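J.: Everything in the sequence shown is counted per my numbering, starting at 45 for the first residue and increasing by one. Glycine included, C-beta positions come from ideal geometry on N, C-alpha and C. Bear in mind that the values here come from a model prediction, so they are computed numbers and not experimental data.
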Amino acid sequence: MTADIEIRNVSKQFGAMMVLDHLSLSIRAREFIVFLGPSGCGKSTLLRMIAGLEAVDSGEIAINNERIDHLPPGKRGIAMVFQSYALYPHMTVRDNMAFGLANIGVPGKVIEARINEAARILEMPHLLDRKPGQLSGGQRQRVAIGRAIVKEPKAFLFDEPLSNLDAALRTRTRIELAQLHQRLQSTMIFVTHDQVEAMTLADRIVVMNNRKIDQIGTPMEIYERPATKFVAGFVGAPAMNFVDATLDRSGENATARFADGVSVQTEIASSQLTDGNYTFGIRSEDVRIVAAGQGNADGVVDVLERLGERTLIYARLGDGQQIVGSDSGNSRVAVGDRIGLAFDGQKSHLFNETGRAWHAREA
Ligand SMILES: Nc1ncnc2c1ncn2[C@@H]1O[C@H](COP(=O)(O)OP(=O)(O)OP(=O)(O)O)[C@@H](O)[C@H]1O
Ligand SMILES: [Mg+2]
């Protein structure tokens, strides 16, 4: 079973505080959608509104073309998995999974078959007779997911389900979730503030910021062509470099000039831009380390971060501005060295004062 989900002009206020301001979003059947944004931006609130755990102030939510925003949670055909697992401690895993089903009158034989199937999918048949207290965090998380599977929902909603797991288990469970989505072919909405989770799991990411949706796109659209400066800075680690710039628009493509005379020839059409102050943006992997005098700018190395496959070089320009560039894993660069920084014009971005973004023409 699967569902498309339509969110139209939905708003939410808590007291005097506007949390979500006229959001619209179409989720296609079988899509894996991730809501990504900083703490407090309203991700859980939006998810809880879809689940029916929070009322909608205005606007509509429809599943398969039927309005559901007035229905109680149990009638929406949706299953939600929480960060806190929310298992009943005195019940076995089997009974935890059966619990909701018996209540809505699913026959015992059907319940048993669904539990066995979910346990098989999640590789946990050996855990069915244990109680939550006898399970690890990762195993509890699996039970919580199993409890959602046995409901055979039209859509799964996950609210930061991995955040209580340690780093290794988190990565493993992330991959299991991706496999689960392939197997079940259900619509899934996953909330996180972790951009790596968003990038690795999503068919499309919804980036939320300041009561609004800043961008909806595939992970690579979001990464390569962020719609706003906020998205550009939020997605990607280390964060995109930003430098204040003025533009020379006399050529076909704009040239960005920084305060101390550094200039970068972008591949962004001058005709799209207007006069005014801009921020120039570039990711660390698009800033190569070259010999001093050979790049767009010279800098002095502040810090090295060795990541194994590459080395991040934090360099300070003449005006004190820090830029992060990227060198090979076995980089010979040392702290205090004077180096050149070569910016890739094709990978350069510009942002105006409202945060709107421009990128190179598509290749
Ligand atoms: N029941 C409530 N009453 C009043 N304010 C609330 C309530 N629930 C949430 N809020 C507020 O609404 C805003 C959005 O909260 P929400 O939980 O949706 O954020 P979030 O994006 O999920 O954040 P996090 O990543 O920290 O979980 C926050 O400012 C929060 O304090
Ligand atoms: Mg939340």
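Pick helix, strand or coil for Lys256, following the three-state DSSP scheme.
T.: Here residue 256 corresponds to residue number 212 of the sequence shown, with the count starting at 1. Note: Lys256 maps to strand in three-state DSSP.
J.: Using only the alpha-carbon positions, how far apart do Leu228 and Val345 sit?
T.: As a first step, residue 228 must be located in the sequence shown, where it is residue number 184. As a first step, residue 345 must be located in the sequence shown, where it is residue number 301. Rounded to the nearest angstrom, the two C-alpha atoms are 50 Å apart.
J.: Ordered along the chain, which non-local residues of its own chain (more than five positions away) have a Cβ less than 8 Å from that of Arg327?
T.: Counted from its first residue, the sequence shown places residue 327 at position 283. Gly280, Met284, Asn285 and Lys391.
J.: The beta strand (DSSP E) spanning Thr310 covers which residue range?
T.: For this step, residue 310 is matched to residue 266 along the sequence shown. Thr310 -> beta strand (DSSP E) spans Ser307 to Ala313.
J.: Going by C-alpha distance, which of Ala341, Ala404 and Tyr132 is nearest Glu296?
T.: Working through the sequence shown from its first residue, we reach residue 296 at position 252. When each option's Cα is compared against that of Glu296, the closest is Ala404.
J.: For a test of the three-state rule: what should DSSP assign to Gly152, helix, strand or coil?
T.: Along the sequence shown, one-based indexing puts residue 152 at 108. Helix, per DSSP.
J.: Pop quiz: Arg253 and Gly81 are said to be a contact at Cβ under 8 Å. What is the actual Cβ separation, rounded to whole angstroms?
T.: Here residue 253 corresponds to residue number 209 of the sequence shown, with the count starting at 1. Here residue 81 corresponds to residue number 37 of the sequence shown, with the count starting at 1. This sequence places Asn at residue 253; Arg is not what is there. So it is a contact: roughly 6 Å between Cβ atoms.
J.: Judging by CA-CA distance, which residue of Ala359, Leu317 and Ile105 is the nearest neighbour of Val347?
T.: As a first step, residue 347 is located in the sequence shown; it is residue number 303 there, counting from the start. Minimum Cα distance to Val347 is reached at Ala359.
J.: Roughly how many whole angstroms lie between the Cα atoms of Ser294 and Glu98?
T.: Here residue 294 refers to the residue found at position 250 when the sequence shown is read from its first residue. Here residue 98 refers to the residue found at position 54 when the sequence shown is read from its first residue. Computed Cα separation, rounded: 54 Å.
J.: Quick one: Cα of Phe274 to Cα of Glu110, how far?
T.: Counted from its first residue, the sequence shown places residue 274 at position 230. Counted from its first residue, the sequence shown places residue 110 at position 66. Cα to Cα, Phe274 sits roughly 34 Å from Glu110.
J.: In this structure, how does DSSP classify Val441 when only helix, strand and coil are distinguished?
T.: Within the shown structure, residues of the chain are numbered from 45 to 407, placing residue 441 beyond reach of any answer.
J.: Whole angstroms is fine: what's the gap from Gly177's alpha carbon to Arg164's?
T.: Counted from its first residue, the sequence shown places residue 177 at position 133. Counted from its first residue, the sequence shown places residue 164 at position 120. If you take the alpha carbons of Gly177 and Arg164, they lie about 21 Å apart.
J.: Going by DSSP, name the residue or residues bridged to Leu291.
T.: Position 247 of the sequence shown, counted from the start, is the residue given in the question as residue 291. In the DSSP output, where bridge partners are listed per residue, Leu291 has Ala300.
J.: Which word fits His134, buried or exposed, when buried means at least 16 other C-beta atoms lie within 10 angstroms of its C-beta?
T.: Within the sequence shown, numbered from 1, the residue matching residue 134 stands at position 90. Under this definition His134 is an exposed residue.
J.: Can you tell me which of the three DSSP states Gly366 falls into?
T.: By one-based count along the sequence shown, residue 366 stands at place 322. Reading off the sequence, residue 366 comes out as Gln, not Gly. Here Gln366 sits in strand by DSSP.
J.: Which full runs of the alpha helix (DSSP H) of 4+ residues lie inside the stretch 141-200, going along the chain?
T.: Counting only runs of 4 or more, we get 152-165 and 181-193.
J.: Mind the definition here: the stretch 153-167 touches the stretch 136-143 only if three or more C-beta pairs lie below 8 Å; say whether that holds.
T.: Yes, they touch.
J.: Please write down, chain order preserved, every residue whose beta carbon lies under 5 Å from a heavy atom of ligand 1.
T.: Listed along the chain, these residues meet the criterion: Phe58, Val63, Ser83, Gly84, Cys85, Gly86, Lys87, Ser88, Thr89 and His237.
J.: Is the beta carbon of Lys198 closer than 9 Å to that of Asn108?
T.: Working through the sequence shown from its first residue, we reach residue 108 at position 64. Working through the sequence shown from its first residue, we reach residue 198 at position 154. Closer than 9 Å, so yes.
J.: Pick helix, strand or coil for Leu67, following the three-state DSSP scheme.
T.: Reading the sequence shown from its first residue, position 23 is the one you call residue 67. Strand.
J.: I'd like to know whether the C-beta atoms of Met93 and Leu69 end up nearer to each other than 9 Å.
T.: Within the sequence shown, the letter at position 49 stands for residue 93. Within the sequence shown, the letter at position 25 stands for residue 69. For Met93 and Leu69, no; Cβs fall outside 9 Å.
J.: Compute every distance between the C-beta of Asp44 and the non-hydrogen atoms of ligand 2, then say whether any falls below 8 Å.
T.: With the chain represented from 45 up to 407, any question about residue 44 goes unanswered, as that position is not in the structure.
J.: Tell me, which residues are paired with Val334 by DSSP?
T.: Locating residue 334 in the sequence shown gives position 290, where the first residue counts as 1. Paired residue(s): Gly384.
J.: With a Cβ-Cβ cutoff of 9 Å, do Glu311 and Ser370 count as a contact?
T.: One-based indexing of the sequence shown puts residue 311 at position 267. One-based indexing of the sequence shown puts residue 370 at position 326. Contact flag unset, no.
J.: Assuming contact is defined by CB atoms lying nearer than 9 Å, are Arg332 and Gly339 in contact in what I supplied?
T.: Against the sequence shown, residue 332 aligns to sequence position 288. Against the sequence shown, residue 339 aligns to sequence position 295. Yes; because the gap between Cβ atoms is below 9 Å, this pair is in contact.
J.: Is Ala401 near Arg269, with beta carbons less than 9 Å apart?
T.: Counted from its first residue, the sequence shown places residue 401 at position 357. Counted from its first residue, the sequence shown places residue 269 at position 225. Taking 9 Å as the Cβ cut-off, Ala401 and Arg269 qualify as a contacting pair.
J.: Check whether the stretch 53-62 and the stretch 230-246 are in contact - that is, three or more C-beta pairs closer than 8 Å.
T.: With the cut-off at 8 Å, the stretch 53-62 and the stretch 230-246 do not touch.
J.: If you drop the 5 nearest sequence neighbours on each side, which residues of the same chain put their C-beta closer than 8 Å to that of Ala298?
T.: As a working mapping, residue 298 is identified with position 254 in the sequence shown. Only Leu291, Asp292, Thr310, Ile312, Ala313, Ser314, Leu317 and Leu394 meet the Cβ criterion.
J.: Just to confirm my understanding: we take Glu397, look at its own chain, exclude 5 residues before and 5 after, and list those with CB closer than 7 Å. What are they?
T.: In the sequence shown, counting from the first residue as 1, residue 397 sits at position 353. Around Glu397: Gly320 and Asn321.
J.: Quick check: is any heavy atom of ligand 4 less than 8 Å from the C-beta of Val187?
T.: The model on display carries ligand 1 and ligand 2 but not ligand 4.
J.: So Leu224 and Ile122 are supposed to be a Cβ contact under 8 Å. How far apart are they, rounded?
T.: Translated into positions along the sequence shown, residue 224 becomes position 180. Translated into positions along the sequence shown, residue 122 becomes position 78. So it is not a contact: roughly 16 Å between Cβ atoms.
J.: Please list, in chain order, all residues of the same chain as Arg218 whose beta carbon is under 7 Å from its beta carbon, the five residues on each side excluded.
T.: Counted from its first residue, the sequence shown places residue 218 at position 174. Cβ neighbours of Arg218 beyond the five flanking positions: Leu206, Glu241, Thr244 and Leu245.
J.: I'd like the ranges of any alpha helix (DSSP H) spanning at least 4 consecutive residues and lying wholly in the stretch 202-270.
T.: Taking only runs of at least 4 residues, the alpha helix (DSSP H) segments lying wholly in the stretch 202-270 are 211-228, 239-245 and 263-268.
J.: In whole angstroms, what is the alpha-carbon distance linking Gly337 and Ala386?
T.: Here residue 337 corresponds to residue number 293 of the sequence shown, with the count starting at 1. Here residue 386 corresponds to residue number 342 of the sequence shown, with the count starting at 1. If you take the alpha carbons of Gly337 and Ala386, they lie about 10 Å apart.
J.: Using only alpha-carbon positions, find the residue among Ile357, Gly399, Asn374 and Gly389 that is nearest to Asp381.
T.: Within the sequence shown, residue 381 is the residue found at index 337, counting from 1. For Asp381, the nearest C-alpha among the options comes from Ile357.
J.: Quick check: Gly181 and Asp203, are their CB atoms within less than 9 Å of each other?
T.: Stepping through the sequence shown from its first residue, residue 181 is reached at position 137. Stepping through the sequence shown from its first residue, residue 203 is reached at position 159. Contact flag unset, no.
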